[in-house]
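Student: Reminder that position 161 of the sequence shown reads as 161 in my numbering, one-by-one numbering, no gaps. Please read through the structure below; I'll follow up with questions.
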Amino acid sequence: MTLLQVEDLTVALPTRRGWARAVRDLSFTLDRGQTLGLVGESGCGKSMTALALMGLLPEGARASGRIALDGEDLLMLDEPEMCRIRGNRVGMIFQEPMTALNPLQPIGRQVAEPLQLHRGVGRAEAEREAVRLLDRVGLPNAAQRAHAHPHQLSGGQRQRAMIAMALACEPDLLVADEPTTALDVTIQGQILDLVTELVDERGMALILITHDLGVIAETVDRVIVMYGGAGVEEAATDDLFAYRAHPYSQGLFAALPQIGLARGTRLEPIPGTVPELADMPDACTFVDRCPIAVGACRATPPPPLAVGPGHRARCIRLDEARRRSQG
Ligand SMILES: Nc1ncnc2c1ncn2[C@@H]1O[C@H](COP(=O)(O)OP(=O)(O)O)[C@@H](O)[C@H]1O
Ligand SMILES: [Mg+2]
Numbered sequence: 001m002t003l004l005q006v007e008d009l010t011v012a013l014p015t016r017r018g019w020a021r022a023v024r025d026l027s028f029t030l031d032r033g034q035t036l037g038l039v040g041e042s043g044c045g046k047s048m049t050a051l052a053l054m055g056l057l058p059e060g061a062r063a064s065g066r067i068a069l070d071g072e073d074l075l076m077l078d079e080p081e082m083c084r085i086r087g088n089r090v091g092m093i094f095q096e097p098m099t100a101l102n103p104l105q106p107i108g109r110q111v112a113e114p115l116q117l118h119r120g121v122g123r124a125e126a127e128r129e130a131v132r133l134l135d136r137v138g139l140p141n142a143a144q145r146a147h148a149h150p151h152q153l154s155g156g157q158r159q160r161a162m163i164a165m166a167l168a169c170e171p172d173l174l175v176a177d178e179p180t181t182a183l184d185v186t187i188q189g190q191i192l193d194l195v196t197e198l199v200d201e202r203g204m205a206l207i208l209i210t211h212d213l214g215v216i217a218e219t220v221d222r223v224i225v226m227y228g229g230a231g232v233e234e235a236a237t238d239d240l241f242a243y244r245a246h247p248y249s250q251g252l253f254a255a256l257p258q259i260g261l262a263r264g265t266r267l268e269p270i271p272g273t274v275p276e277l278a279d280m281p282d283a284c285t286f287v288d289r290c291p292i293a294v295g296a297c298r299a300t301p302p303p304p305l306a307v308g309p310g311h312r313a314r315c316i317r318l319d320e321a322r323r324r325s326q327g
């Protein structure tokens, strides 16, 4: 049963040089219990996609297309209706927990609040449940720590508290935007293990944004590679690691070891830089950096072409890309 269906999602932002699209015609579906990774260099539209799903786009942004959660188009909802979804049906964890946590309130209270708000649970029961959740996410002495303010916790503990908050109402979908990037390596591993365990345990769907290809390899079922706001390639994780069809993915994964991909394997920088949003080419976004671009690549946005079952890439030069990758 399809939980989430995103169709032609486009997010336009006002820039000094007019409207520019941070997300372009992005489409994908996600079933209950499925996990999807979004990868790509900084500035490729991953966070904007996550924010669009949460109804948290920056002031002035315009989203179009469709984001259907169990058939209900989130883009059509007003803010009070979106509040009913956010934190309830869809939970989000961010790189920086202070984005989600209120510095002035004890964390127990913050975890309890969505339960009172969305589930109609009484205050005392909600606070008991908050302690159970804080304990579940591995916060030591949860009953006492529930009274702590965010600044009294370590970075890893704050991340755990934010995860407890995101999970309080047992959302169907968890969106995690580089949830561990700010943490030291040992804690990163622990937090990721926790997220994967919880996603399994609760049968949630997960959208995970990360730069860590090792984490992608071991955590998600499917991957979308994004460039310039466009989903340039989508495949089952194993298929993508076996063969990258799009020249951008080929560059991005260039120095990849074939087996035993460890956590901490970062994306390889590829020549050139991501242009500013207003300078992004209109047709294929990657054309200015692409080693095999031809004139036609500048004419129209490339359609998603089949590479294999469930594997698509938006590139009109797939044959040439394959020849090069084998040469
Ligand atoms: N508030 C904003 N206003 C205008 N442009 C923005 C804003 N936030 C991000 N951008 C631009 O939108 C593009 C996509 O950003 P983002 O989704 O954050 O990328 P990613 O998460 O993949 O690194 C980038 O070009 C970025 O500079
Ligand atoms: Mg981001």
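Note that CB positions come from ideal geometry on N, CA and C, so glycine has one too.
1. Using DSSP with H/G/I as helix, E/B as strand and the rest coil, what is PRO80?
2. At a cut-off of 8 angstroms, is ASP177 close to ligand 1 when judged by its beta-carbon and the heavy atoms of the ligand?
3. Kindly list the residues whose CB is nearer than 8 angstroms to the CB of GLY228, restricted to its own chain and excluding five residues on each side of it in sequence; keep chain order.
4. When burial is assigned at 16 or more other CB atoms within 10 Å of the CB, is GLU79 buried or exposed?
5. For ALA52, collect the residues of the same chain with a Cβ closer than 7 angstroms to its Cβ; drop the 5 residues on either side in sequence, then sort them by chain order.
6. Please report the Cβ distance between THR237 and ASP221, rounded to the nearest whole angstrom; I am assuming they are in contact, meaning their Cβ atoms lie under 8 angstroms.
7. Which same chain residues end up closer than 7 angstroms to ARG86 when comparing Cβ atoms and leaving out the 5 residues on each side of it in sequence?
8. Quick one: what's got a C-beta closer than 6 angstroms to GLU320's C-beta in the same chain, skipping five residues either side?
9. Kindly identify the DSSP beta-bridge partner or partners of TYR227.
10. Is the beta carbon of LEU30 closer than 9 angstroms to that of ALA182?
11. For ALA130 versus ALA146, is the C-beta distance shorter than 9 angstroms?
12. Per DSSP, PHE28 forms a beta bridge with which residues?
13. Indicate the three-state DSSP secondary structure (helix, strand or coil) for GLY87 in the structure shown.
14. Note down the Cα distance separating ARG289 from GLY272, rounded to an integer number of angstroms.
15. I'd like the span of the alpha helix (DSSP H) that includes SER154, first residue to last.
16. List in chain order: all unbroken alpha helix (DSSP H) runs of 4+ residues lying wholly within the segment 156-217.
17. Can you tell me the Cα-Cα spacing of ASP177 and LEU75, whole angstroms?
18. Starting from SER64, follow its DSSP beta bridges and name the residues at the other end.
19. Hey, would you say ILE187 sits closer than 9 angstroms to GLY214, going by beta carbons?
20. Kindly identify the DSSP beta-bridge partner or partners of ILE93.
21. Considering only the alpha carbon of each residue, which of LEU167, ARG317, GLN157 and GLY327 lies closest to ASP184?
22. Taking a contact to mean a Cβ-Cβ separation below 9 angstroms, would you say LEU167 touches ARG202 in this structure?
23. From what residue to what residue does the beta strand (DSSP E) around VAL39 run?
24. Could you check the C-alpha separation between ALA61 and GLN110 for me, to the nearest Å?
25. Quick one: Cα of ARG312 to Cα of LEU26, how far?
26. Can you check which of these residues, PRO171, PRO304, ALA245 and GLU218, is closest to LEU4 by C-alpha distance?
Tutor: Let's see:
1. Against the sequence shown, residue 80 aligns to sequence position 80. Helix, per DSSP.
2. Position 177 of the sequence shown, counted from the first residue, corresponds to residue 177. Yes, since a heavy atom of ligand 1 falls inside the 8 angstroms radius drawn around the Cβ of ASP177.
3. If you number the sequence shown from 1, residue 228 lands on position 228. Taken in chain order, the residues that qualify are ARG24, CYS44, GLY45, VAL274, PRO275, MET280, PRO281, THR285 and PHE286.
4. Position 79 of the sequence shown, counted from the first residue, corresponds to residue 79. With fewer than 16 neighbouring CB atoms inside 10 Å of its own CB, GLU79 falls in the exposed class.
5. As a position in the sequence shown, residue 52 is number 52, starting the count at 1. Contacts found: LEU9, VAL11, VAL23, ALA63 and ILE67.
6. Taking the sequence shown and counting its residues from 1, one reaches residue 237 at position 237. Taking the sequence shown and counting its residues from 1, one reaches residue 221 at position 221. Rounded, the Cβ-Cβ distance is 6 angstroms, consistent with contact.
7. Taking the first residue of the sequence shown as position 1, residue 86 is located at position 86. So the list reads MET54 and GLY55, once near-sequence residues are dropped.
8. By 1-based counting over the sequence shown, the position of residue 320 is 320. Shown here for GLU320: same chain residues with a beta carbon closer than 6 angstroms to its own, the five before and five after excluded, namely ILE292 in chain order.
9. What you label residue 227 is simply residue 227 of the sequence shown in a count that begins at 1. Answer is ALA230, bridged to TYR227.
10. Taking the first residue of the sequence shown as 1, we reach residue 182 at position 182. Taking the first residue of the sequence shown as 1, we reach residue 30 at position 30. Their beta carbons are not under 9 angstroms apart, which means ALA182 does not touch LEU30 by this criterion.
11. On the sequence shown, residue 130 is found 130 positions in, with the first residue counted as 1. On the sequence shown, residue 146 is found 146 positions in, with the first residue counted as 1. Contact flag set, yes.
12. Stepping through the sequence shown from its first residue, residue 28 is reached at position 28. Partner(s): VAL6.
13. As a first step, residue 87 is located in the sequence shown; it is residue number 87 there, counting from the start. Of the three classes helix, strand and coil, the one that applies to GLY87 here is coil, per DSSP.
14. Position 289 of the sequence shown, counted from the first residue, corresponds to residue 289. Position 272 of the sequence shown, counted from the first residue, corresponds to residue 272. Cα to Cα, the separation comes out at about 6 angstroms.
15. As a first step, residue 154 is located in the sequence shown; it is residue number 154 there, counting from the start. Neither: SER154 is in no alpha helix (DSSP H) and is coded neither H nor E.
16. The DSSP assignment places complete alpha helix (DSSP H) segments of no fewer than 4 residues inside the segment 156-217 at 185-202, in order along the chain.
17. Stepping through the sequence shown from its first residue, residue 177 is reached at position 177. Stepping through the sequence shown from its first residue, residue 75 is reached at position 75. C-alpha separation (whole angstroms): 20 angstroms.
18. If you number the sequence shown from 1, residue 64 lands on position 64. Paired residues: THR10.
19. The residue you call residue 187 lines up with position 187 of the sequence shown. The residue you call residue 214 lines up with position 214 of the sequence shown. Not in contact: ILE187 and GLY214 (Cβ atoms no closer than 9 angstroms).
20. On the sequence shown, position 93 is the one that residue 93 refers to. Paired residue(s): ALA176.
21. Along the sequence shown, one-based indexing puts residue 184 at 184. Here the closest residue by C-alpha is GLN157.
22. Position 167 of the sequence shown, counted from the start, is the residue given in the question as residue 167. Position 202 of the sequence shown, counted from the start, is the residue given in the question as residue 202. Against a cut-off of 9 angstroms, the Cβ pair of ARG202 and LEU167 comes out as a contact.
23. Position 39 of the sequence shown holds residue 39. Where VAL39 is concerned, the enclosing beta strand (DSSP E) stretches over 35-39.
24. Locating residue 61 in the sequence shown gives position 61, where the first residue counts as 1. Locating residue 110 in the sequence shown gives position 110, where the first residue counts as 1. When rounded, the distance between both Cα atoms is 28 angstroms.
25. The residue given as residue 312 occupies position 312 in the sequence shown. The residue given as residue 26 occupies position 26 in the sequence shown. Distance between the alpha carbons of ARG312 and LEU26: 13 angstroms.
26. Sequence index remark: in the sequence shown, residue 4 carries index 4 (1-based). Nearest of PRO171, PRO304, ALA245 and GLU218 to LEU4, Cα basis: PRO171.
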